[in-house]
Amino acid sequence: METIKSPAEQKVLLSNVSWGTYERLLKDHQNSSAPRFTFDRGMLEIMSPSPEHEKLNRRIAQLVLAVTEEMDIEAEDFGSTTFRREDLERGFEPDSCFYIQNEEQVRGKDRIDLAFDPPPDLVIEIDITSPSINKLPIYARLGVPEVWRYDGGKLEILKLENDEYVESTESVALPSLTSSVLSQLVERSKSLRRTVWLREVREKVRGLSG
Amino acid sequence: MDTVKSPAEQRVVLSNVSWETYESLLSGREENRVPRFTYDQGMLEVMSPSSEHESVSYYIGLLVAVVAEETGVDVYGVGSTTFKRTDIQRGFEPDACFYARNAESIRGRSRIDLGVDPPPDLVIEVDITNPSLDKLPMYAQIGVSEVWRYNGEDLDFFTLDNEEYSEVESSVTLPPITARAVSDLVEKSKSFGLTSWLQEVREAVRRGSS
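So the sequence lines, in the order shown, correspond to chains S and W.
Counted from 1, the first sequence has number 459 at position 176 by this note's numbering; the numbering is strictly sequential.
Counted from 1, the second sequence has number 160 at position 156 by this note's numbering; the numbering is strictly sequential.
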């Protein structure tokens, strides 16, 4: 590789952070999706995504939207919305997330309160560097039914079963999509122009349902 | 080398952080000085040092002690103490810092309050990756008379002159040590055993003062 190394993802971990401090930080940053905060019972991870991280994230989010359109499934993109539960002392801001099966329940809402509203149906997690807080138990505790985790080479579909994630070959949120097809499509996104790639995504999906 | 090179520091910068949030983050961390916080009028940098970063700070701290002993200068180290001033909305935690001229008045104190106490006479700053906040203007406003800054290769000395820093070759706090001598010694710390390195430091000071 001859390219200049782009700035890496930056992460810091704080311990003994109170819920009040976490909330104060969220309030100071309510209108920005970066950096992203993850809170787990006093531990706070603050992460500034790298351009590589965000590019992959945006591409996967676009893929989800293209797929839902092709499959004629309603979906709402909630981006890096903050989800938190004070009673569980946990909170997260996903790389991307979508309401699909529960889309109707959150349609038109400007705020999500997990005390009343369902968690997102699908969370995208880009793990190209090792995270300091394992987010899966947080997603599990908050009831996220499906997570797509991308490690830079492979996209894993994780399905919530009895409060734990198990790897699955096929998506529940977007049926008939498999982890191998998703991994291939994400790989293709690295070399293709966005519009050309999106066309390829659509064609692939049409092939699956046809 | 088949090890993965980890970045020397992890830095995240947050904007729009209130003084109250900064204070609550400081108080949650208790005695732990990691990660380190720098606050500059709403901007908060959170930095997690790597072992390389901490090792350089440690060796420079030892070097200061040896130079002080050889030259008969009274120094009192206060490590990464938090220095903050609400009135100017700034605060920092140096990698290492020392009182020399004011050592007598600070020795044995359990807290330092910049409202009444003098600032440290010498601050050590290790910036192996680019810092997101320029700390020199902050040190200048708080009145730190000398800064040694190491960028991973070179070490520069700065002394405060009319509220601005100018680069100097010889230390004012610890004459006659020079920036070049300290740079060389820091480089040697990476390959020498501790005892032989300390001997090198002593010899360098003796050579310099003769």
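Note that beta-carbon positions come from the ideal geometry of N, C-alpha and C, so glycine has one too.
Bear in mind the structure is a predicted one, so any value in this text is a computation, not a measurement.
The beta carbon of W:Pro-135 sits closer than 6 Å to none of the beta carbons in its chain outside the five residues before and after it. Spanning the alpha carbons of W:Ser-84 and W:Ala-100 requires a straight line of approximately 5 Å. The DSSP-derived three-state label of W:Ala-100 is strand. For chain W, the residues of the segment 287 to 310 of chain S that bring a beta carbon within less than 8 Å of one of its beta carbons are Ala-291, Gln-293, Lys-294, Val-295, Leu-296, Leu-297, Ser-298, Asn-299, Val-300, Ser-301, Gly-303, Thr-304, Arg-307 and Leu-308, in chain order. The three-state reading of DSSP puts S:Thr-321 in strand, counting E and B together.
Of the residues assessed, W:Ile-92 falls on the exposed side of the cut-off, its CB having fewer than 16 other CB atoms within 10 angstroms. Sequence-ordered contacts of the segment 412 to 425 of chain S with chain W are nonexistent [C-beta pairs closer than 8 Å].
By the criterion of a C-beta distance shorter than 8 Å, W:Tyr-169 is surrounded in its chain by Leu-140, Tyr-143, Ala-144, Val-151, Phe-162 and Thr-163, once the five residues flanking it on both sides are discounted.
The beta carbon of S:Pro-334 does not come within 8 Å of any beta carbon belonging to chain W, so the residue lies off that interface.
It is roughly 12 Å from the alpha-carbon of W:Pro-122 to the alpha-carbon of W:Lys-88. Between S:Gly-374 and S:Tyr-448, the CB-CB gap reaches or exceeds 8 Å. Here DSSP, grouped into helix, strand and coil, assigns W:Gln-14 to strand. For S:Ile-329, a Cβ of chain W is located within less than 8 Å of the residue's own Cβ. In this structure, S:Ala-349 and S:Val-484 form a Cβ contact; the two beta carbons are roughly 5 Å apart against a cut-off of 8 Å. If you draw a straight line from the Cα of S:Asn-417 to the Cα of W:Ile-110, it comes to about 43 Å.
Secondary-structure assignment with DSSP links S:Ile-329 through a beta bridge to S:Val-295 and S:Phe-320.
Between S:Thr-351 and S:Ala-358, the C-beta gap is smaller than 8 Å, which places the two residues in contact. Contact of S:Pro-458 with chain W by beta-carbon distance below 7 Å is absent, the smallest such distance being about 38 Å.
Contact note: S:Pro-402 does not reach chain W at a C-beta cutoff of 8 Å; the least C-beta distance is about 26 Å.
W:Pro-124 is classed as buried because its beta carbon has at least 16 other beta carbons within 10 Å across all chains shown. For W:Val-190, there is no enclosing beta strand (DSSP E); the enclosing alpha helix (DSSP H) has its first and last residue at 183 to 193. Distances from the alpha-carbon of S:Arg-424 to those of S:Val-464, S:Cys-380, S:Leu-443 and S:Ser-463 put S:Leu-443 closest. Where W:Arg-115 is concerned, there is no enclosing alpha helix (DSSP H), because DSSP gives it neither an H nor an E. Between the segment 65 to 74 of chain W and the segment 196 to 209 of chain W there are three or more C-beta pairs closer than 8 Å, enough to call the two in contact. Annotation for S:Val-488: Ala-349, Val-350, Glu-353, Met-354 and Leu-460 place their beta carbon closer than 8 Å to its own, counting only its chain and skipping 5 residues before and after. For W:Pro-53, the enclosing beta strand (DSSP E) begins and ends at 47 to 53. Around W:Leu-202, the same chain offers Leu-66 and Val-70 as residues with beta carbons nearer than 8 Å, after the five sequence neighbours per side are excluded. Ranked by Cα distance from S:Glu-335, the first of S:Ile-395, S:Pro-428 and S:Ile-409 is S:Ile-409.
Comparing alpha carbon positions, the residue from W:Val-186, W:Leu-178, W:Glu-204 and W:Tyr-154 closest to W:Glu-73 is W:Leu-178. Assignment of S:Leu-346 by DSSP, reduced to helix, strand and coil, places it in the helix class. Contact of S:Pro-318 with chain W by beta-carbon distance below 7 Å involves Val-16 and Leu-18.
The continuous beta strand (DSSP E) containing S:Leu-438 extends over residues 438 to 444. Approximately 6 Å separates the beta-carbon atoms of W:Ser-22 and S:Asp-311; this is inside 8 Å, confirming the contact. Beta-bridge partners of S:Arg-394 (DSSP): none assigned.
The three-state secondary structure of W:Val-151, taken from DSSP, is strand.
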